[in-house]
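Numbering (the working numbering), first residue to last: 22 to 192.
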């Protein structure tokens, strides 16, 4: 099998997942397309360095994250860092909230600070392991766990507020 055939067979099936993640990262279809295009360009150029049999999905998400980081650097800014305060005890989400449309979840996810949003998307949407996410983001696994915890708590809080506003919960 030629290099091009291998790339097409192994990498291209992940195009949709990469685009979904890029869209959630950028909140803009055009920027997401640009990120994915640059990701695949870099992946193709570096495909000789990809070790067959390893996790190509994690490899592609690592490239996507680096392309995003490089775009921030070129723009002279970096992802926003936010300190979460009032990180109190969890309140279980009501079943009605879980059954409501995905629009509320997507809106809440979009409103998260980028560091938390990326961690949540990679874990809960793309189903990458903690180790894979740590590799993609180039951060310690404890940082991944912290970002996931805080991101999920922020999502829970936002969705609880929506449920409260709609009268689905008391309080």
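Quick reminder that beta carbons are idealized off the backbone N, C-alpha and C, glycines included.
The DSSP assignment places 123 to 132, 135 to 141, 151 to 158 and 162 to 186 as complete runs of the alpha helix (DSSP H) inside the stretch 122 to 191, in order along the chain (cut-off: 4 residues).
A straight-line Cα-Cα distance of about 17 Å links residue 72 and residue 35. Between residue 39 and residue 85, the beta carbon gap of about 6 Å places them in contact (Cβ cut-off 8 Å).
With fewer than 16 neighbouring CB atoms inside 10 Å of its own CB, residue 162 falls in the exposed class. Here the alpha carbon of residue 127 sits roughly 36 Å from the alpha carbon of residue 25. In this structure, the CA atom of residue 59 is about 27 Å from the CA atom of residue 164.
Per DSSP, reduced to three states, the secondary structure at residue 32 is coil, with no helix or strand assignment. Annotation for residue 179: 129 place their beta carbon closer than 6 Å to its own, counting only its chain and skipping 5 residues before and after. Inclusion of residue 153 and residue 49 in the CB contact set at 8 Å is not warranted, their separation being larger than that value. In this structure, DSSP gives residue 26 a helical state, which the three-state scheme calls helix. Look at residue 50 here: in three-state DSSP terms it is helix.
Across the set 159, 184 and 89, the C-alpha of 89 shows the shortest separation from the C-alpha of residue 57. Residue environment: residue 146 is assigned as exposed (fewer than 16 neighbouring CB atoms within 10 Å of its CB, all protein chains considered).
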